[in-house]
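Participant: 361 is the number that UniProt numbering gives to position 361 of the sequence shown; each next residue is one higher, with no gaps. A virtual CB, placed ideally from N, CA and C, is assigned to each residue, including glycine. On a predicted model such as this, the values are computed, not experimentally measured, just so you know. Structure in structure tokens, see below.
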Amino acid sequence: MTLSAFRLLTTQYSPWLILLCLLVGAGYAALQYSAKTPWSKQLNYGLATLRFVVVSFLCYLLLAPYIKTTTTRTEQPTVVLAVDNSQSVELFTPKAVLSQAISGLAGLAETLRAKGFTVETRTLSSRPNRPARLDSLRFGVPTTDLDRALTDTRDAYDGRNLASVVLLSDGLVNQGRSPVYSDYNFPIYSVAVGDTVPKRDLRLTGLTYNRVAFSGNKFPLEAELGFEGYAGGTATVELREGTRVLDRARVALPTGRRRAKATFQVTAPAPGKRRYEVRVVPQPGEFTPLNNARTAFIEIVKGKLRVLLAGAAPHPDLKALRAAILANDNFDLTLALPGVAPLKAGADFDVAILHQLPAQGGLGNDILAQVKARRTPAFYIIGAQSDLPAYNQLGAGLTIQARGAQPDDVTPLPNPGFARFATDEEAARRYGQYPPAPVPFGDLRLGPGAEAALWQQVGRVATQKPLLVFGGSAERRQATLLTDGSWQWRLSEAVAHDDRPEVYDRLIIRTLQLLTQNANKKRLDVYPTQERFGTQDDVTLGAETYNAVFERLYNQKIDLTLTDEKKQTRRFNFANPEDGSPLRLGPLPAGLYRYQARATLGGQAQQDAGELLVQSQPLEALESRADHNLLAQLSRRSGARLYYPTQFDKLAQDILQANYKPVITAEEDVKDLINLKWIFFVILAFLTVEWAVRKYSGSL
Numbered sequence: 001m002t003l004s005a006f007r008l009l010t011t012q013y014s015p016w017l018i019l020l021c022l023l024v025g026a027g028y029a030a031l032q033y034s035a036k037t038p039w040s041k042q043l044n045y046g047l048a049t050l051r052f053v054v055v056s057f058l059c060y061l062l063l064a065p066y067i068k069t070t071t072t073r074t075e076q077p078t079v080v081l082a083v084d085n086s087q088s089v090e091l092f093t094p095k096a097v098l099s100q101a102i103s104g105l106a107g108l109a110e111t112l113r114a115k116g117f118t119v120e121t122r123t124l125s126s127r128p129n130r131p132a133r134l135d136s137l138r139f140g141v142p143t144t145d146l147d148r149a150l151t152d153t154r155d156a157y158d159g160r161n162l163a164s165v166v167l168l169s170d171g172l173v174n175q176g177r178s179p180v181y182s183d184y185n186f187p188i189y190s191v192a193v194g195d196t197v198p199k200r201d202l203r204l205t206g207l208t209y210n211r212v213a214f215s216g217n218k219f220p221l222e223a224e225l226g227f228e229g230y231a232g233g234t235a236t237v238e239l240r241e242g243t244r245v246l247d248r249a250r251v252a253l254p255t256g257r258r259r260a261k262a263t264f265q266v267t268a269p270a271p272g273k274r275r276y277e278v279r280v281v282p283q284p285g286e287f288t289p290l291n292n293a294r295t296a297f298i299e300i301v302k303g304k305l306r307v308l309l310a311g312a313a314p315h316p317d318l319k320a321l322r323a324a325i326l327a328n329d330n331f332d333l334t335l336a337l338p339g340v341a342p343l344k345a346g347a348d349f350d351v352a353i354l355h356q357l358p359a360q361g362g363l364g365n366d367i368l369a370q371v372k373a374r375r376t377p378a379f380y381i382i383g384a385q386s387d388l389p390a391y392n393q394l395g396a397g398l399t400i401q402a403r404g405a406q407p408d409d410v411t412p413l414p415n416p417g418f419a420r421f422a423t424d425e426e427a428a429r430r431y432g433q434y435p436p437a438p439v440p441f442g443d444l445r446l447g448p449g450a451e452a453a454l455w456q457q458v459g460r461v462a463t464q465k466p467l468l469v470f471g472g473s474a475e476r477r478q479a480t481l482l483t484d485g486s487w488q489w490r491l492s493e494a495v496a497h498d499d500r501p502e503v504y505d506r507l508i509i510r511t512l513q514l515l516t517q518n519a520n521k522k523r524l525d526v527y528p529t530q531e532r533f534g535t536q537d538d539v540t541l542g543a544e545t546y547n548a549v550f551e552r553l554y555n556q557k558i559d560l561t562l563t564d565e566k567k568q569t570r571r572f573n574f575a576n577p578e579d580g581s582p583l584r585l586g587p588l589p590a591g592l593y594r595y596q597a598r599a600t601l602g603g604q605a606q607q608d609a610g611e612l613l614v615q616s617q618p619l620e621a622l623e624s625r626a627d628h629n630l631l632a633q634l635s636r637r638s639g640a641r642l643y644y645p646t647q648f649d650k651l652a653q654d655i656l657q658a659n660y661k662p663v664i665t666a667e668e669d670v671k672d673l674i675n676l677k678w679i680f681f682v683i684l685a686f687l688t689v690e691w692a693v694r695k696y697s698g699s700l
């Protein structure tokens, strides 16, 4: 970019008035110095000239003179060399071809710069506003997102004279959307590398399994194989846990197809997190073994969660709750209704949903007695038949003092301060579309340690009256929903969303899961923010801290030790801020990590432990066949064409023939002359000199 400036001094009035200014200055000087003086004639002329200059200039300032500066910027056209520096480019491009391509890019840059172009290099890993260098390219990026690379280029050069982009790539995209479906405001000259000839290769293209399995049960693990050059033969697939081979399968590779499947039936061992590896045994002549294995991380749980659904009487809520629970395979359900389906003595369950229990008239007290005797976590649903005084004696964390028989009609409103489970924007939007449901009108008071997950919204008025409350003692967790009309919510959501009431079902399931967590509530709770992380993900941990009555604390110092499978440890220190920002551990190698966290809360030492999973995803090795068709489509849609590493001379010629022009912009800046401070000091200096000379020469 080159700059040039032109300055012009002018006034807001007619320039002919400058003659008047000169006449005023001359008249003033003549009047002042025409009389006889005690100094020499030459000095008198000098002082008269000084007075003439000062007075004329002061009169000139009355014409409001200003300086207009015109700055012209000339920006040469810019060509960006966008290099796909992913692993697949180096892995599947012959070294001689790749070296030729890099040399061709360097020669193209030199040719274009000699013709006045600005040439800059960007890669998939380039930072914003920090171009890369061709002589320091490293092809190690584990994923390819060409759309993001081109979009970032467009954003980085917004407002600049971006003429075109030269894209060096193999066309393999494994993240983001395909770039052929995006619109870019610049031509894209693609240079194709990689090899379009299929390699003899076996690879695992998919691994399907349930993330949770029940101890003692069998669960399937299905692997999908892709193959090139081995049709008509067989492949051996192994299932491993650590170094131990659990099972082997011989898989036929049919002629005329490129996919095959292998299924393993695994018996779930003791509860805990397990890591299984499915691996295709390499065969002679195979191009690369990097894509031969995939890992499955499975959490083995004790068994299905047993849920008691008990009600004072038949009710539409019971059907809605039953449907929500049975939609999840991790739950077994028992239904109990006094006089209709009595609860068997000695029935075993992990959590109880008590619909309008305790009820007026003592209905269902036998069910309440069993729940209380077993100290089972309970989920109370308040309705018209509920005995509120009896409920208030249960210590569920909420006290209800009803005022009259007329209920309020409300819709659910998420409490943003409730952190035990999150409510996303879609769920909040669906909550707002639910029909109003009745709740008792009166005073609602939360007990110590109780939290509201949902508030009540009356019409368009958001309140802080609780609707869904979690409370109870540390030994027995309890929750309360203050309406028996939630069946309308599930029904309306199913109608509006193709029979998929996902938000309602998730609310019920999360409530049950929260009630059945470890009964000894932890004052320090550190947990992974995702079920699993990729090797390129920023691994993050969330943390919650509580005081002795289980009220949330923030900004507490937490020490964390992370141990990998080789017993190597890393230590971190952090605090849990009020905004919920997680601890960022950065990318970690694949494997199972164990962590131990310690903190001192209210003078008492607290600790927590857990595991996090990092899974390797060799995306760049899954496809060895370059996709030059994608590059051709991308270039054609942008008004350019596809080239190969031997055609850089033709590419340079086409760019030059496109006749990209410099962009010339002009800016004007106007500055009033009277605002220039140095002019005041010059005038003051002239007047001071005149005064000093007159005094020195004997003037009165």
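#1: Is the number of C-beta pairs between the region 424-442 and the region 483-500 that are closer than 8 Å three or more?
#2: Is G534 helix, strand or coil when you go by DSSP?
#3: I want to know whether the region 614-629 touches the region 68-78 - three or more CB-CB distances under 8 Å.
#4: By alpha-carbon positions, which one of A373, A378 and V614 ends up nearest to V307?
#5: Is the distance from the Cβ of A599 to the Cβ of T545 below 8 Å?
#6: Taking a contact to mean a Cβ-Cβ separation below 8 Å, would you say L221 touches V280 in this structure?
#7: Please find out if some non-hydrogen atom of the ligand NAP comes closer than 7 Å to the beta-carbon of Q530.
#8: Please report how far the alpha carbon of A96 lies from the alpha carbon of V193, in whole angstroms.
#9: What is the DSSP secondary structure of W455, reduced to helix, strand or coil?
#10: With a Cβ-Cβ cutoff of 8 Å, do T411 and Y431 count as a contact?
#11: At the level of alpha carbons, what is the spacing between P577 and P645?
#12: Can you list the beta strand (DSSP E) stretches of 3 or more residues lying completely in the region 17-86, in chain order?
#13: Can you have a look at Y696 and say buried or exposed, based on whether 16 or more other CB atoms are within 10 angstroms of its CB?
#14: Helix, strand or coil, according to DSSP, for V693 in the structure here?
#15: Quick check on this structure: which residue in D201, L22, L207 and V266 has the alpha carbon closest to the alpha carbon of residue 712?
#16: According to DSSP, simplified to helix, strand and coil, what is S178?
#17: Taking only three categories from DSSP, how would you classify T423?
#18: Return the chain-ordered list of same chain residues with a C-beta closer than 8 Å to the C-beta of R133, the five sequence neighbours on each side being excluded.
#19: Only counting the same chain, and skipping five residues up and downstream in sequence, which positions put a Cβ closer than 7 Å to that of S136?
#20: DSSP on D443, reduced to helix/strand/coil?
#21: Ordered along the chain, which non-local residues of its own chain (more than five positions away) have a Cβ less than 8 Å from that of residue 718?
#22: According to DSSP, is R322 helix, strand or coil?
#23: Given a threshold of 16 other Cβ atoms within 10 Å of its Cβ, counted over all protein chains shown, does L108 qualify as buried or as exposed?
#24: For the pair the region 355-365 and the region 307-318, tell me if three or more CB-CB distances fall below 8 Å.
#25: What would DSSP say about P416, mapped onto helix, strand or coil?
#26: Sorted by chain position, which residues of the same chain lie with C-beta nearer than 7 Å to V458's C-beta, five sequence neighbours on each side aside?
#27: Name the residue from F219, A163 and D84 whose alpha carbon lies nearest to the alpha carbon of S126.
#28: Let's see if you can read the secondary structure: which residues bound the alpha helix (DSSP H) around R490?
#29: According to DSSP, is A373 helix, strand or coil?
#30: Looking only at C-alpha atoms, which of A384, L398, A419 and P416 sits nearest to G404?
#31: Taking C-beta to C-beta, are R584 and D538 nearer than 8 Å?
#32: DSSP beta-bridge partners for N217?
#33: Helix, strand or coil: how does DSSP classify N520 here?
#34: Can you tell which of G610, A249, A427 and Y554 has the C-alpha that lies nearest to the C-alpha of V503?
#35: For the alpha helix (DSSP H) containing G104, list its first residue and its last residue.
Facilitator: In short, the structure shows the following:
#1: The region 424-442 is in contact with the region 483-500.
#2: Here G534 sits in strand by DSSP.
#3: Judged by Cβ distances under 8 Å, the region 614-629 makes no contact with the region 68-78, as fewer than three pairs qualify.
#4: Taking only the C-alpha atoms, the option nearest V307 is A378.
#5: A contact, by the Cβ cut-off of 8 Å.
#6: Cβ distance not < 8 Å, so L221 and V280 don't count as in contact.
#7: Judged by which ligands are present, the structure shown has none, so any question about the ligand NAP falls away.
#8: Near 11 Å, if we compare the C-alpha coordinates of V193 and A96.
#9: W455: strand per DSSP, three-state reduction.
#10: Result yes, Cβ atoms of T411 and Y431 sit closer than 8 Å.
#11: About 53 Å.
#12: If only complete runs of 3 or more residues are kept, the region 17-86 shows the beta strand (DSSP E) at 65-75 and 78-83, in order along the chain.
#13: Exposed.
#14: It is helical.
#15: In the structure as shown, the chain begins at 1 and stops at 700. Residue 712 is therefore absent and cannot be evaluated.
#16: If DSSP states are grouped into helix, strand and coil, S178 belongs with coil.
#17: Note: T423 maps to coil in three-state DSSP.
#18: So the qualifying residues of the chain are T121.
#19: For S136, where only same-chain residues beyond five positions count, there are no Cβ hits under 7 Å.
#20: DSSP places D443 in strand when its eight states are reduced to three.
#21: The chain is shown from 1 up to 700; residue 718 falls before or after that span and cannot be answered.
#22: Helix at R322.
#23: Buried.
#24: A contact exists between the region 355-365 and the region 307-318.
#25: Coil at P416, not helix or strand.
#26: Hits under 7 Å: D408 and V410.
#27: If we check each option's Cα against that of S126, D84 comes out closest.
#28: Here the alpha helix (DSSP H) through R490 covers S486 to A496.
#29: In this structure, A373 counts as helix in the three-state DSSP scheme.
#30: For G404, the nearest C-alpha among the options comes from A384.
#31: Closer than 8 Å, so yes.
#32: In the DSSP output, where bridge partners are listed per residue, N217 has none listed.
#33: A caution first: N520 carries a pLDDT of 43, below 50, which makes its placement in the model unreliable, though a value can still be read off. N520: coil per DSSP, three-state reduction.
#34: Sorting G610, A249, A427 and Y554 by C-alpha distance to the C-alpha of V503 places A427 at the top.
#35: Start and end: K95 to A114.
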